[in-house]
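Structure first, then comments.
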Amino acid sequence: MKHVFIIAEAGVNHNGSVELAKKLIDVAAKSGVDAVKFQTFKAENLVSKNAQKAAYQKETTDKEESQFTMLKKLELDVNTHKELMAYCQEKGIMFLSTPFDHDSIDMLNELGLEIFKIPSGEITNLPYLRHIGSLDKKVILSTGMADLGEIEDALDVLTTSGTDRDLITVLHANTMYPTPMEDVNLKAMQTIGSAFDIAYGYSDHTLGIEVDVAAVAMGATVIEKHFTLDKTMDGPDHQASLEPDELIAMVNAIRNVELALGSTIKKPSKSETPNMAIARKSIVAKSTIKKGDTLTEDNLAIKRPGDGISPMRWDEVVGTVANKDYQEDELI
Numbered sequence: 181m182k183h184v185f186i187i188a189e190a191g192v193n194h195n196g197s198v199e200l201a202k203k204l205i206d207v208a209a210k211s212g213v214d215a216v217k218f219q220t221f222k223a224e225n226l227v228s229k230n231a232q233k234a235a236y237q238k239e240t241t242d243k244e245e246s247q248f249t250m251l252k253k254l255e256l257d258v259n260t261h262k263e264l265m266a267y268c269q270e271k272g273i274m275f276l277s278t279p280f281d282h283d284s285i286d287m288l289n290e291l292g293l294e295i296f297k298i299p300s301g302e303i304t305n306l307p308y309l310r311h312i313g314s315l316d317k318k319v320i321l322s323t324g325m326a327d328l329g330e331i332e333d334a335l336d337v338l339t340t341s342g343t344d345r346d347l348i349t350v351l352h353a354n355t356m357y358p359t360p361m362e363d364v365n366l367k368a369m370q371t372i373g374s375a376f377d378i379a380y381g382y383s384d385h386t387l388g389i390e391v392d393v394a395a396v397a398m399g400a401t402v403i404e405k406h407f408t409l410d411k412t413m414d415g416p417d418h419q420a421s422l423e424p425d426e427l428i429a430m431v432n433a434i435r436n437v438e439l440a441l442g443s444t445i446k447k448p449s450k451s452e453t454p455n456m457a458i459a460r461k462s463i464v465a466k467s468t469i470k471k472g473d474t475l476t477e478d479n480l481a482i483k484r485p486g487d488g489i490s491p492m493r494w495d496e497v498v499g500t501v502a503n504k505d506y507q508e509d510e511l512i
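The numbers in the sequence shown follow our numbering, run straight up by one, and end at 512.
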């Protein structure tokens, strides 16, 4: 990927509505991200009937409702996937979705998904990892809640199942919505990259955009961020998501940082080169100098502009003889 691949994570912020999902796609396409991502699952394959919600989900949804009931309302069937994929194509943005079970992996593969995103919760799911690894597709692996050993195990499963290591990008992440700043531990992202000699990025659940921008400056090749139409909407992930104007601001900031990073070569840039003669200095006559006079530290000075002899050659000039007359401030 030649530039940072930005994924706008719609997730389940469509609240089960196709029309709302399309509005999210509109926002993502307008913001300039590379892909918009949803979530594909069958509630009965994902959670048991009595599974409890996470604490943050209880705060943003009905406390008495089970995780199963909540997720059941957020499922997208195969026809809806086809409709949303066609809409993404129309809008010129890549459609992605995270599968959470084997049926969903098969469905997305049959629909021609280009990249498979593995969520943090599945990093210890051996059969799941083996299934995705066997597809030989590009893989983005989130690592929230994981240590280096678990990441290594997951990578081993993916590669031994048939996925080339060069097709995998590992995302540092923290599975708390929102993530407290003191828990981001962004330096661990680079640890992942160096430990496994692999492309790395960042899946962000903090409030705001500054950590995403910092991640890009630290070498992230993929950024993933939740977004919504309105943070006050009902649903588990809206409050920890960016609103449309914030998403646009994040994309603009990332693209600017990409440009600013440049190359590893230190040399005058195209824009600053014309200022070299103005900002730098040259050796000039401090006072009137006659032809044949010796050039000394007393009759020479260093002043702008910089289009004469460089002051770095001061020692070469001092002690030589003037070969012409010079007026004060004239370039030697």
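Where is the CB? At the ideal position from N, CA and C, for every residue including glycine.
Three-state class that DSSP yields for residue i in the structure shown
{"i": "Trp-494", "result": "helix"}
{"i": "Asp-384", "result": "strand"}
{"i": "Met-398", "result": "coil"}
{"i": "Asp-505", "result": "coil"}
{"i": "Lys-405", "result": "strand"}
{"i": "Thr-340", "result": "helix"}
{"i": "Ala-188", "result": "strand"}
{"i": "His-352", "result": "strand"}
{"i": "Val-216", "result": "strand"}
{"i": "Ala-429", "result": "helix"}
{"i": "Thr-474", "result": "strand"}
{"i": "Ile-512", "result": "coil"}
{"i": "Ile-469", "result": "strand"}
{"i": "Gly-231", "result": "Residue identity differs from the one stated: residue 231 is Ala in this sequence, not Gly. Ala-231: coil per DSSP, three-state reduction."}
{"i": "Ala-201", "result": "helix"}
{"i": "Met-181", "result": "At Met-181 the pLDDT is 45, less than 50, meaning the model places this residue with poor confidence and gives no usable figure here."}
{"i": "Ala-334", "result": "helix"}
{"i": "Ala-440", "result": "helix"}
{"i": "Ala-379", "result": "strand"}
Alpha helix (DSSP H) segment containing residue i, residue limits
{"i": "Thr-311", "result": "It should be pointed out that residue 311 corresponds to His in this sequence rather than to Thr. That run of the alpha helix (DSSP H) goes 306-313."}
{"i": "Ser-284", "result": "282-290"}
{"i": "Ser-462", "result": "Per DSSP, Ser-462 belongs to no alpha helix (DSSP H); it is in the beta strand (DSSP E), 462-465."}
{"i": "Phe-248", "result": "247-252"}
{"i": "Ile-298", "result": "Note, Ile-298: premise wrong, no alpha helix (DSSP H); beta strand (DSSP E) at 295-298."}
{"i": "Gln-370", "result": "367-376"}
{"i": "Glu-255", "result": "Careful: Glu-255 lies outside any alpha helix (DSSP H) and carries neither H nor E."}
{"i": "Glu-224", "result": "223-226"}
{"i": "Ile-458", "result": "456-459"}
Residue i, enclosing beta strand (DSSP E) - first and last residue
{"i": "Met-274", "result": "274-279"}
{"i": "Gly-212", "result": "Premise fails: Gly-212 is in no beta strand (DSSP E) and is neither H nor E."}
{"i": "Ser-322", "result": "318-322"}
{"i": "Ile-482", "result": "480-483"}
Residue j beta carbon less than 7 Å from that of residue i
{"i": "Tyr-382", "j": "Ile-403", "result": "yes"}
{"i": "Ile-469", "j": "Val-497", "result": "no"}
{"i": "Glu-438", "j": "His-183", "result": "yes"}
{"i": "Asn-195", "j": "Thr-408", "result": "no"}
{"i": "Ser-322", "j": "Leu-366", "result": "no"}
{"i": "Leu-172", "j": "Leu-328", "result": "The requested residue 172 is not part of the displayed model; the chain covers only 181 to 512."}
{"i": "Gly-212", "j": "His-406", "result": "no"}
{"i": "Ile-489", "j": "Lys-461", "result": "no"}
{"i": "Met-265", "j": "Phe-275", "result": "yes"}
{"i": "Gln-219", "j": "Ala-231", "result": "no"}
{"i": "Ser-300", "j": "Gly-324", "result": "yes"}
{"i": "Ser-467", "j": "Glu-510", "result": "no"}
{"i": "Ile-378", "j": "Ala-334", "result": "no"}
{"i": "Tyr-380", "j": "Gly-373", "result": "yes"}
{"i": "Ile-312", "j": "Phe-296", "result": "yes"}
{"i": "His-385", "j": "Ala-429", "result": "no"}
{"i": "Ala-457", "j": "Pro-485", "result": "yes"}
{"i": "Asp-505", "j": "Lys-450", "result": "no"}
{"i": "Ile-205", "j": "Lys-262", "result": "no"}
{"i": "Ile-187", "j": "Lys-217", "result": "yes"}
{"i": "Leu-251", "j": "Ala-223", "result": "yes"}
{"i": "Val-364", "j": "Val-391", "result": "yes"}
{"i": "Ala-502", "j": "Asp-478", "result": "no"}
{"i": "Asn-289", "j": "Leu-315", "result": "yes"}
{"i": "Ala-353", "j": "Val-393", "result": "no"}
{"i": "Ser-284", "j": "Phe-221", "result": "yes"}
Contact with chain B by residue i, beta-carbon distance below 7 Å
{"i": "Ala-223", "result": "Here there is only one protein chain, and chain B is not present."}
**Asked** On the three-pair Cβ rule with 8 Å, is the region 356-369 touching the region 412-424?
**Response** yes
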